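Student: The opening position of the sequence shown corresponds to residue 9 in this note's numbering, with each subsequent residue numbered one higher. Each residue gets a CB set at the ideal place from its N, CA and C atoms; glycine is no exception. The model shown is predicted, which means the values in this text are computed figures rather than measured ones.
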Amino acid sequence: MKSHHAYPLAAMKAALVERILTGKISVSDAARSVKKSRPTIYDWMTRYKAAGVDGLLPKKTGRKGGKAWNRSSDTTETVVLDMLAAHQDWNIYDIAAHLPKEHSVHPATVWRIWKRHQNVRAPIRLPRPAPQRYVKEEVGEEIQMDTSFPWGRAAKRACYDCLDDRSRFALAKLYENHTQDSSIAFLRYVIAHAPFIIKVIRTDCGSEWSTRFSVACALAGIKHIRNEPYHPEHNGKIEKFHDGLKYRCFYVYLHPSDCIEQQNCDLQQWLVWYNYHKIHLGMGMDRKTPAEVVYRSLLSESPCVRLMLQPNTF
Numbered sequence: 009m010k011s012h013h014a015y016p017l018a019a020m021k022a023a024l025v026e027r028i029l030t031g032k033i034s035v036s037d038a039a040r041s042v043k044k045s046r047p048t049i050y051d052w053m054t055r056y057k058a059a060g061v062d063g064l065l066p067k068k069t070g071r072k073g074g075k076a077w078n079r080s081s082d083t084t085e086t087v088v089l090d091m092l093a094a095h096q097d098w099n100i101y102d103i104a105a106h107l108p109k110e111h112s113v114h115p116a117t118v119w120r121i122w123k124r125h126q127n128v129r130a131p132i133r134l135p136r137p138a139p140q141r142y143v144k145e146e147v148g149e150e151i152q153m154d155t156s157f158p159w160g161r162a163a164k165r166a167c168y169d170c171l172d173d174r175s176r177f178a179l180a181k182l183y184e185n186h187t188q189d190s191s192i193a194f195l196r197y198v199i200a201h202a203p204f205i206i207k208v209i210r211t212d213c214g215s216e217w218s219t220r221f222s223v224a225c226a227l228a229g230i231k232h233i234r235n236e237p238y239h240p241e242h243n244g245k246i247e248k249f250h251d252g253l254k255y256r257c258f259y260v261y262l263h264p265s266d267c268i269e270q271q272n273c274d275l276q277q278w279l280v281w282y283n284y285h286k287i288h289l290g291m292g293m294d295r296k297t298p299a300e301v302v303y304r305s306l307l308s309e310s311p312c313v314r315l316m317l318q319p320n321t322f
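Shown next, in the form of structure tokens:
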């Protein structure tokens with residue numbers, strides 16, 4: 009089916025060719041008037057002389073039917089398919105090298121023949137392994153630490169955050185960069201403000217968690233574990249926390265143009281709500297707040313836990 013623009017365009021080309029054939033305009037002037045090359049104008053003239061206005065209509069778009077002029081014969085295709093069936097461990101180069109001389113083809117042609125005759129089947133969707141859900145037994149046994157960029161890297165704001173695996177107790181702070189110096193500064197902040205003793209810190213393989221950060225953890229008596237590359241599911245709890253942090257805190261209460269001190273102040277106020285008032289439905293939480301889980305886990309171990317868990321310590 010031709011476009012509704014095709015027929016007026018063909019009529020315009022025919023009128024231009026008629027002016028050339030009657031000598032009213034030269035080929036060069038005609039090409040210049042429609043901003044085409046002279047070979048294109050000569051092609052229009054040839055098509056107009058052969059088929060009139062219909063010859064100037066555009067050809068069918070899309071895939072053309074028929075067979076290629078240099079397509080292999082049916083006999084050659086049969087030989088190639090038989091050899092493919094007999095030697096399934098051979099690749100296309102082995103098949104091409106062992107073909108008879110009268111049926112010799114390029115290895116790419118072997119692949120095209122195989123592709124043309126293979127049985128087309130629906131793609132098989134590989135089953136996704138079921139997630140291995142877990143939760144640590146003790147508070148502070150392992151915390152997951154990561155960085156995020158709520159307004160992109162160009163905003164010069166990197167949010168360092170961490171989450172206790174058992175209680176989901178979260179700490180976060182904004183920095184102007186995400187270097188190892190910022191990572192070590194956040195580590196000191198976490199050690200000073202966490203209401204429990206930290207035993208293990210789990211991070212990804214980012215450059216901000218490199219050797220100096222591992223040494224700082226070792227000096228603090230904390231084991232540093234780096235996840236396997238390209239496996240963010242090992243830090244699944246902190247990755248899930250990023251969603252709530254961005255869409256419930258940064259994009260609601262914080263503004264990217266505010267100073268970093270004001271942003272950190274607003275962030276800490278939101279974390280008070282998250283840790284002390286938000287009920288969690290995750291595995292092992294039993295509809296409790298993170299502070300309540302920490303309180304119940306550590307009350308029997310330390311009489312000072314009640315004082316450490318007061319919101320005004322922030």
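1. Using a 10 Å radius around the Cβ and a threshold of 16 neighbouring Cβ atoms, would you call K57 buried or exposed?
2. Look up S41 in the DSSP assignment and say whether it is helix, strand or coil.
3. Excluding the five sequence neighbours on either side, which residues of its own chain have a C-beta within less than 8 Å of the C-beta of Y15, listed in chain order?
4. Between the Cα of S112 and the Cα atoms of T30, R79, Y303, K43, which residue gives the shortest distance?
5. Under 8 Å, do F204 and V143 count as touching if we go by C-beta distance?
6. For W217 and S191, what's the separation of their Cα atoms in angstroms?
7. Going along the chain, which unbroken runs of the alpha helix (DSSP H) with 4 or more residues stay wholly within the region 28-90?
8. Just to confirm the assignment, what range does the alpha helix (DSSP H) spanning V118 have?
9. With Y282 as the anchor, note down where its alpha helix (DSSP H) starts and where it stops.
10. Would DSSP call V301 helix, strand or coil?
11. Mind checking who Q152 pairs with in its DSSP beta bridge?
12. When you compare only the Cα positions, how much space is there between I121 and G70?
13. R124: which of H263, T86, D102, Q152 sits nearest, CA to CA?
14. Could you name the residues of the same chain whose beta carbon sits closer than 8 Å to that of K164, not counting the 5 residues immediately before and after it, in chain order?
15. Using alpha carbons as the reference points, say which of L107, A166, K67 lies closest to T8.
16. Using DSSP with H/G/I as helix, E/B as strand and the rest coil, what is I246?
17. Would you call the region 222-232 in contact with the region 164-177, where contact means no fewer than 3 C-beta pairs closer than 8 Å?
18. Within 10 angstroms of its Cβ, does H362 collect 16 or more other Cβ (buried), or is it exposed?
19. Between which two residues does the beta strand (DSSP E) carrying I233 extend?
20. In three-state terms, what does DSSP make of Q318?
21. Have a look at A19 and V61 and give me their C-alpha separation to the nearest angstrom.
22. Nearest to G148 by alpha carbon, out of K207, L262, E300?
23. Should K174 and S305 be called a contact, given that it needs their Cβ atoms to be closer than 8 Å?
24. Within 10 angstroms of its Cβ, does N283 collect 16 or more other Cβ (buried), or is it exposed?
25. Have a look at K75 and S81 and give me their C-alpha separation to the nearest angstrom.
26. For C257, which residues of its own chain have a beta-carbon under 7 Å away from its beta-carbon, when the five flanking residues on both sides are left out?
27. Quick check: P298 and A202, are their CB atoms within less than 8 Å of each other?
Tutor: Looking at the atomic coordinates:
1. The sequence position of residue 57 within the sequence shown is 49, counting from 1. So K57 counts as exposed.
2. On the sequence shown, position 33 is the one that residue 41 refers to. Three-state result, S41: helix.
3. For the purposes of this step, residue 15 is taken as residue 7 along the sequence shown, with counting starting at 1. Around Y15: L65.
4. Indexing the sequence shown from 1 puts residue 112 at position 104. Out of T30, R79, Y303, K43, R79 has the C-alpha closest to the C-alpha of S112.
5. Sequence index remark: in the sequence shown, residue 204 carries index 196 (1-based). Sequence index remark: in the sequence shown, residue 143 carries index 135 (1-based). Contact: no.
6. Here the question's residue 217 lines up with position 209 in the sequence shown. Here the question's residue 191 lines up with position 183 in the sequence shown. Going from the Cα of W217 to the Cα of S191 covers about 7 Å.
7. 35-41, 46-59
8. The count along the sequence shown starts at 1 and reaches residue 118 at position 110. Counting along the chain, the alpha helix (DSSP H) containing V118 begins and ends at 115-125.
9. Here residue 282 refers to the residue found at position 274 of the sequence shown. Boundaries of the alpha helix (DSSP H) around Y282: 268-284.
10. By 1-based counting over the sequence shown, the position of residue 301 is 293. V301 falls in the helix class under three-state DSSP.
11. In the sequence shown, counting from the first residue as 1, residue 152 sits at position 144. Paired residues: L171, R210.
12. Position 113 of the sequence shown, counted from the start, is the residue given in the question as residue 121. Position 62 of the sequence shown, counted from the start, is the residue given in the question as residue 70. Their backbone Cα atoms lie some 23 Å apart in a straight line.
13. For the purposes of this step, residue 124 is taken as the residue at position 116 of the sequence shown. Checked all of H263, T86, D102, Q152; the closest Cα to R124 is T86.
14. Here the question's residue 164 lines up with position 156 in the sequence shown. Closer than 8 Å at Cβ, skipping near neighbours: E184, N185.
15. With the chain covering 9 to 322 only, the question about residue 8 has no answer from this structure.
16. In the sequence shown, counting from the first residue as 1, residue 246 sits at position 238. In the structure shown, I246 sits in a helix (DSSP, three-state: H, G or I).
17. no
18. Nothing about residue 362 can be reported from this structure: the residues present for the chain run from 9 to 322 only.
19. Position 225 of the sequence shown, counted from the start, is the residue given in the question as residue 233. Start and end: 231-234.
20. Reading the sequence shown from its first residue, position 310 is the one you call residue 318. The pLDDT assigned to Q318 is 49, lower than 50, so where the model puts this residue is not dependable, and the model offers no usable value.
21. The count along the sequence shown starts at 1 and reaches residue 19 at position 11. The count along the sequence shown starts at 1 and reaches residue 61 at position 53. Their Cα atoms are separated by approximately 7 Å.
22. On the sequence shown, residue 148 is found 140 positions in, with the first residue counted as 1. Measuring from the Cα of G148, the nearest candidate turns out to be K207.
23. The count along the sequence shown starts at 1 and reaches residue 174 at position 166. The count along the sequence shown starts at 1 and reaches residue 305 at position 297. For clarity, residue 174 is Arg in the given sequence; the question names Lys instead. Against a cut-off of 8 Å, the Cβ pair of S305 and R174 comes out as a contact.
24. By 1-based counting over the sequence shown, the position of residue 283 is 275. Flag for N283 reads buried.
25. Position 67 of the sequence shown, counted from the start, is the residue given in the question as residue 75. Position 73 of the sequence shown, counted from the start, is the residue given in the question as residue 81. Each residue's Cα considered, the two are about 11 Å apart.
26. Residue mapping note: residue 257 aligns to position 249 of the sequence shown, counting from 1. Hits under 7 Å: L275, W278.
27. For the purposes of this step, residue 298 is taken as residue 290 along the sequence shown, with counting starting at 1. For the purposes of this step, residue 202 is taken as residue 194 along the sequence shown, with counting starting at 1. No, the Cβ-Cβ distance between P298 and A202 is not below 8 Å.
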